[in-house]
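Residue numbering for the sequence shown follows our numbering, beginning at 4 and increasing consecutively. Everything on this sheet refers to the single structure shown next.
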Amino acid sequence: MTPDQPPFRDPQLPRAERVDDLLGRLTTDERSALLHQYAPAVERLGVAAFRTGQEALHGVAWMGPATVFPQAVALGATWNEDLVRRIGEAVSTEARAMRTRDDRVGLNVWSPTVNLLRHPWWGRNEEGYAEDPALTSAIAVAYTRGLRGDHPDFWRTAPVLKHWLAHNNETARDTTSSSVRPRVLHEYDLRAFRAAVEAGAVAGVMPAYNLVNGRPNHVSPYLREHLRTWTDRDLLVCSDAGAPSNLVDSEAYYATHEEATAASLRAGVDSFTDHGTDPSLITARIRGALERGLIDQDDIDTAVRRQLTVRFALGEFDPGLDPYADISPEDGWDTPGHRALAQEAAEQAVVLLKNDGLLPLAPGRRIAVAGLLADECKLDWYSGTLIHRSTPLDGIRERFGADHVTFAEGVDRVRLRATGAGGWVTVPGPGTPEAERTTARAAEGALDPALLAGRTDLPPLTAAASEADAAELALVDWGGGILTLRAPDGRYLSVAEDGYVRAAADQPGGWVVQETFRLEEHRDGHLLLHLGTGRYVSVAADGLKVADLGEPFEFVITERGEEAVARAAAGADVVVVVAGNDPHINGRETEDRDTLALPGHQDRLWRAAHAANPHTVLALTSAYPYAVTDAHATLPALLWTAHGGQAAGTALARVLAGDISPAGRLPQTWYAADTDLPGLLDYDIIGGRQTYLYFDGAPLYAFGHGLSYTSFDYDDLVVDPPGALDTTVRARVTVTNTGPRASDEVVQLYVREAVPRPDRPHRRLAGHARVRLDAGASRTVGLTVPTAALGHYDVAHGAWTVPAGMYVFEAAASSADIRCSVPVAVEGETPRPRSVVKDGVSAADYDEQTGTAIVDRTKISGDAVTPLHGSGELLFKGCDFGEGVATVSVEVAGEGSVEISLAGAGTVAFVEVPPAGGGPYAYTTLHAEAPLTGVADLRVTLGGPVRLARIGFDR
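Here it is, written out as structure tokens:
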């Protein structure tokens, strides 16, 4: 260290000492400013500005051209950790390379999303990996290791897991509470985060917008009680955008922003993403909280220390030592290796759902390619800008020859006539090239695509007197009556800030989509409602614009989409219909779905194709599952892949041709009907019988399902029984490719208790491996299972337990295709009854419930239970009252009643809870006589808006 070099610049010192030295040099105001997402520079110390948060879910997003890999759910469908780790390496390498030419590219990446795909209506289904915590954890560990890099001291990027915790709904996402019982919390939701944190490749987490058990995630005690106990590292907790303000504004959980900011900071939030790039409001709130004594300097210092630790790990203060500092665009961005990797990922993600022998397609066949997604390479909200683009049509033409391929998109072609004002809707010519170039520059330079304004440089649509001047528009119904309209030049009708309707958008998109419409019946035709503004299309003197009162339109259909598809299908040997979703419409961030059904427009297309040509393949390209029961029963072949990024079309074509055998596997259950699903806000997967773990019905396609162009036999499953001190169980099975082609196979190992119980999973994924086998080849696949993975969370005793007994290990091709199994005796704990006399019973530690929700005991910690609709029941099994108790006590707030009874017997005690005032956190303890002895199941019935926190028993 030179005399003028401060210790924090000395690489020879321990990092913690350097962090503390820098922290000590900062003023209180400078420290507070660092807690905002956009931390300003401290020029007097030579400390640069820093931004937390760079989206990188499946490629570097929002920063212009980058390699676009398949969506996260597609990566989950590969079941391939090695592949996903390599993708993480590529994404983080590109982030480093892009940062050398644009310092707005951040290295604290907000990725991956590890929320479990519990409910397929969730709008952000595309962002998760799987419905299973073991598979999600495996993929997340792989991706974060790739993002982090393998250097012991320096990180290529610093990944943050999203979204803590139990977050699977966009509907009222900032005000709804997920009721998560302890078993679901420990066995399901926490598991999705824990493995990646314990693996040491995670820099932090981002809390979700929602509440859990009545308490906002941004003040969750689980950050302290669970997350920070899994590692010795100083994890950086970054708030979601605007969530700190939500604590007061939409959730009304706190009365003032100073209280909310203080509570978040004390709970463990270290970086506040709020009010865009302006840190002044957050720093003022921190200053106010400090002045009011709601926080102290240590609270601020703890958060600053965590952020500085990440910045040191990213090499900011050691540019000469950082091994990743010299990655350049020439050797780290859009490389041949990255392009090949994007194609490999897209190929490995394709799932063959059904095949009656039509696939692979024989060479030389005439192929009709049809469907609304057939010539699309769709991006989602968290995509980068495409450098390369391959649609299914592109890929099939390239692979089979353009002269063998015909195409019918299947849009409805329409002309619009304004029936009131008169006139046919026309589309003027495009704007000036200079205007287009200006807009392109603005789009590429936008840090946040939500801030991009619509184009105003193009002339608006007009109305002409002659039908000969009418524009023929391409109409698509994406489901639920949500329409897009596209001009002949390929641009979508859109509405900019000035309210005019223009053919201006390359694709639907934006935080508020401005390219979607809905028809409303009118006596003179239809009103055209613009969904982005909530206003109606009208005809003004200077063009079409939106207004409070709309103009009725007549829609003149010149061609139905199914007519064009039927013509193309009739002239081909085989038809490939590509159907699915636009990731910005009907299921996306801020918007859940309300049905599993394939939109009617696309349903009509595959039916028309099949009616004209029975040799029809349905290729679903979607961010979520569909209930395509009729298609499964009717068509000879179906495939699925999520939106596959820049190489999606090439990958699909190679699978159709048999250049590769499909080996993707479903990462979530495909249900047969909406009636198979619980409510979207039912987070109790046990009571709600959700996911393959608990679903009692017959799915359309099971978790882990996926077919191949070859066949595999499974033999000789051997599982070594674990000893009392063993922490792992070792299994091995021999897999043989008995078919004619080389292929990957995904070997899946499940475990279940030998004696089924309704409150235990039907089976659980314990391990998996994707292996490559040539035709006729065999391989013994070994899998290691942590013994703890056999257990469950014991609510009766508040601990994870592995019960002693017989377990069945199953080698499988899917959760519904078990190939061989062996029973194994496991030494473990003997089940014990609840010791209620000594410890009492926490109300949330129930075994079963009906009609209740878990709520917050206090704003800081603890749980209580309340009825949802006036009454509810809790069941506590195996309560040991010993030699007997005489009284029961209930810790309650609110008003109503608590009835205590034994299952199958009468009421033991009835406690009336009178109104006491003081709000939902004013608890009191009430007593009643309750003579109880022995071991029995206890039933508790709650009436009225009472909150029950705890039940106690006294002799």
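Just so it is clear, CB atoms sit at the ideal spot from N, CA and C, and this is done for glycine as well.
Residue i, enclosing beta strand (DSSP E) - first and last residue
{"i": "residue 795", "result": "795-797"}
{"i": "residue 495", "result": "495-498"}
{"i": "residue 815", "result": "808-817"}
{"i": "residue 583", "result": "577-583"}
{"i": "residue 751", "result": "746-756"}
{"i": "residue 931", "result": "927-935"}
{"i": "residue 108", "result": "No beta strand (DSSP E) contains residue 108, which DSSP labels as neither H nor E."}
Endpoints, the alpha helix (DSSP H) within which residue i is located
{"i": "residue 283", "result": "283-294"}
{"i": "residue 142", "result": "136-151"}
{"i": "residue 300", "result": "300-316"}
{"i": "residue 403", "result": "395-403"}
{"i": "residue 635", "result": "632-637"}
{"i": "residue 784", "result": "Counting along the chain, residue 784 falls outside any alpha helix (DSSP H), though it belongs to the beta strand (DSSP E) covering 781-789."}
{"i": "residue 904", "result": "Note, residue 904: premise wrong, no alpha helix (DSSP H); beta strand (DSSP E) at 899-905."}
Helix, strand or coil at residue i [DSSP, three-state]
{"i": "residue 275", "result": "strand"}
{"i": "residue 538", "result": "strand"}
{"i": "residue 855", "result": "strand"}
{"i": "residue 609", "result": "helix"}
{"i": "residue 160", "result": "coil"}
{"i": "residue 690", "result": "coil"}
{"i": "residue 95", "result": "helix"}
{"i": "residue 375", "result": "coil"}
{"i": "residue 717", "result": "strand"}
{"i": "residue 696", "result": "helix"}
{"i": "residue 510", "result": "coil"}
{"i": "residue 90", "result": "helix"}
{"i": "residue 448", "result": "Confidence is the limiting factor: at residue 448 the pLDDT is only 47, short of 50, which leaves the residue's position unreliable, though a coordinate-based value still follows. Correct three-state label for residue 448: coil."}
{"i": "residue 828", "result": "strand"}
Backbone CA spacing between residue i and residue j [nearest angstrom]
{"i": "residue 138", "j": "residue 309", "result": "29 Å"}
{"i": "residue 650", "j": "residue 336", "result": "16 Å"}
{"i": "residue 791", "j": "residue 723", "result": "15 Å"}
{"i": "residue 405", "j": "residue 474", "result": "29 Å"}
{"i": "residue 40", "j": "residue 50", "result": "15 Å"}
{"i": "residue 294", "j": "residue 277", "result": "21 Å"}
{"i": "residue 394", "j": "residue 382", "result": "12 Å"}
{"i": "residue 369", "j": "residue 663", "result": "21 Å"}
{"i": "residue 140", "j": "residue 877", "result": "32 Å"}
{"i": "residue 918", "j": "residue 37", "result": "46 Å"}
{"i": "residue 409", "j": "residue 390", "result": "26 Å"}
{"i": "residue 665", "j": "residue 620", "result": "15 Å"}
{"i": "residue 766", "j": "residue 340", "result": "39 Å"}
{"i": "residue 446", "j": "residue 59", "result": "Note that residue 446 scores 45 on pLDDT, short of 50, meaning its location in the model is unreliable and no value can be drawn from it."}
{"i": "residue 350", "j": "residue 376", "result": "18 Å"}
{"i": "residue 815", "j": "residue 79", "result": "18 Å"}
{"i": "residue 752", "j": "residue 733", "result": "11 Å"}
{"i": "residue 312", "j": "residue 32", "result": "19 Å"}
Among the options, the one whose alpha carbon lies nearest that of residue i
{"i": "residue 331", "options": "95, 759, 736", "result": "95"}
{"i": "residue 603", "options": "892, 927, 582", "result": "582"}
{"i": "residue 874", "options": "123, 171, 946", "result": "946"}
{"i": "residue 102", "options": "61, 78, 53, 119", "result": "53"}
{"i": "residue 15", "options": "156, 748, 130, 92", "result": "156"}
{"i": "residue 912", "options": "923, 928, 935", "result": "935"}
{"i": "residue 231", "options": "243, 271, 31", "result": "271"}
{"i": "residue 675", "options": "799, 703, 178, 699", "result": "703"}
{"i": "residue 207", "options": "252, 172, 113, 216", "result": "113"}
{"i": "residue 333", "options": "243, 906, 100, 545", "result": "100"}
{"i": "residue 798", "options": "183, 636, 56", "result": "183"}
{"i": "residue 540", "options": "771, 488, 560, 851", "result": "488"}
{"i": "residue 418", "options": "843, 354, 491, 377", "result": "491"}
Any non-hydrogen atom of the ligand NAD within 8 Å of residue i CB
{"i": "residue 462", "result": "Inclusion of the ligand NAD in the displayed structure is not the case, the ligand content being empty and no account of it being possible."}
8 Å contact criterion, which residue i and residue j should meet: CB distance rounded
{"i": "residue 745", "j": "residue 776", "result": "7 Å"}
{"i": "residue 742", "j": "residue 781", "result": "Actually they are not in contact, since the Cβ atoms of residue 742 and residue 781 sit about 13 Å apart, beyond 8 Å."}
{"i": "residue 348", "j": "residue 81", "result": "7 Å"}
{"i": "residue 521", "j": "residue 508", "result": "Rounded, the Cβ-Cβ distance is 17 Å, inconsistent with contact."}
{"i": "residue 640", "j": "residue 580", "result": "Actually they do not touch by this definition, with Cβ atoms about 11 Å apart."}
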